[in-house]
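**Q**
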Amino acid sequence: MHPSCALIIWLASVLALQALGYGGVLLLAAGVLLLGGGVLRPWWGYVRRARWLLLTLWLILAYNVPGEAFEDYSWAPTYEGIADANLHALRLIVMLGCLAWLFHRLGRDGLVSALWGLLRPCRAIGLDTERLVVRLSLVLDNLQTPQEKGAWRNMLGRQVEHGNGPTILHLALPRWAVRDSLLAGLVAVGLLGVFVA
């Protein structure tokens, strides 16, 4: 599969998640698990790291959706809020699974190549896609190096030490095959079907 095709599939999955109910979200999660290979461990790591975000999202939605209070307690969230919060938290968890699949499938170099391939037509209208791809590559390199404790304070105080990043960026982009076109078309039709239905 072409890296840009994998990026298109990921993007369509994330967009479709916003319109899916419980059945569709669970079906997409099953697809990630079946097609992902060894994606379960990094997926769990992403969920564990996002636990406070998930909890905050759940509390905000559970308490801000109007409806009937849970067990008629005045301080409790509403039934409708709890249902909405559960669905949105599940969507975020599955989105993290899709992200784990993308990183497992492509890796850092594949992701940069996929973005390069996807943005290449934008050069015709004058967008500087090379700069964007190089910056993304540098950010991904920086994320792979562990930061010392309190490094965020130095970044805010503009006392950042610039690391020695790569001076040359090599991109290996395979040829776009017919099956990639078929897969991208199938994903586009599926995404359209999700939003029309």
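Note that our numbering has the sequence shown beginning at 4, numbered continuously upward. Heads up, the beta-carbon is just placed ideally off N, CA and C, and yes, glycines get one too.
(1) Whose C-alpha, out of A65, S184 and S7, is nearest the C-alpha of Y82?
(2) With DSSP collapsed to three states, give me the class of A175.
(3) Considering only C-alpha positions, which residue in the set A72, A9 and A86 is nearest to G24?
(4) Taking A22 as the reference, which of E151, L109, S116 and M98 has the closest Cα?
(5) For A32 and R52, what's the separation of their Cα atoms in angstroms?
(6) Let me know if G120 comes out buried or exposed under the rule of 16 or more other beta-carbons within 10 Å of its beta-carbon.
(7) Could you give the DSSP three-state label for A72: helix, strand or coil?
(8) For L80, which residues from the same chain have a beta carbon less than 7 Å from its beta carbon, with the 5 sequence-adjacent residues on both sides left out?
(9) Am I right that L60 and H107 are in contact with their C-beta atoms under 8 Å? What's the rounded C-beta distance?
(10) Between A187 and I11, which are expected to be in contact by the criterion C-beta below 8 Å, what is the C-beta distance as a whole number of angstroms?
(11) Cutting at 6 Å between CB atoms, please list the residues of its own chain near I96, excluding the five before and the five after it.
**A** According to the data block:
(1) Per the Cα distances, A65.
(2) DSSP, read as helix, strand or coil, puts A175 in coil.
(3) Looking at the Cα atoms, A86 is the closest of the given residues.
(4) Per the Cα distances, M98.
(5) When rounded, the separation of the alpha-carbon atoms in A32 and R52 is 19 Å.
(6) Buried, because 16 or more other Cβ atoms sit within 10 Å of the Cβ of G120.
(7) DSSP places A72 in strand when its eight states are reduced to three.
(8) Sequence inspection shows Pro at residue 80; the Leu mentioned does not correspond to that position. So the list reads A65, Y66 and F73, once near-sequence residues are dropped.
(9) Rounded, the Cβ-Cβ distance is 25 Å, inconsistent with contact.
(10) Yes, they are in contact, since the Cβ atoms of A187 and I11 sit about 5 Å apart, within 8 Å.
(11) Closer than 6 Å at Cβ, skipping near neighbours: V50.
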